[in-house]
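Numbering (the numbering used here), first residue to last: 1474 to 1580.
Given below as structure tokens:
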């Protein structure tokens, strides 16, 4: 896929490799972006590259295919929903991530 920018370049990761949820979190302004619509967020950032691990880069929209909640009132529930979606989709490469996928839904 042709990315709108290099995921490891200055725009993508501030000069150093950053992965997954850290990159997504940088796209949020906690003071101004809430309530946040999942669909509007994906519309604005869906084609942007998210580095999952040292070999894998996917568009943000692929991660958000499994984010069920449509609107978020605050950053923490948003962050939890994205983390859950990443684990359920196999985009979470950290050791022990499976223990957090138990079907429980955090708000």
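Every residue gets a Cβ at the ideal spot worked out from N, C-alpha and C, and that includes glycine.
For clarity, every value in this text was computed on a predicted model and none was experimentally measured.
> Which parts of the stretch 1527-1564 are runs of the alpha helix (DSSP H), unbroken and 4 residues or longer, counting only runs that do not cross its ends?
Replying inline: Runs found: 1533-1537, 1548-1561.
> Excluding five sequence neighbours on each side, which residues of the same chain lie with their C-beta closer than 8 Å to the C-beta of residue 1552?
Replying inline: 1494, 1498
>> If I measure Cβ to Cβ from residue 1544 and keep anything under 6 Å in the same chain, skipping five residues before and after, which residues do I get?
In response: 1508, 1510
> What's the gap between the Cα of residue 1534 and the Cα of residue 1492?
Replying inline: 16 Å
>> Nearest by alpha-carbon distance to residue 1505: which of 1547, 1560, 1554, 1519 is it?
In response: Of the candidates 1547, 1560, 1554, 1519, the one whose C-alpha sits nearest the C-alpha of residue 1505 is 1547.
> Between the Cα of residue 1566 and the Cα atoms of 1501, 1530, 1521, which residue gives the shortest distance?
Replying inline: 1530
> Under the DSSP definition of a beta bridge, which residues are partnered with residue 1522?
Replying inline: 1532
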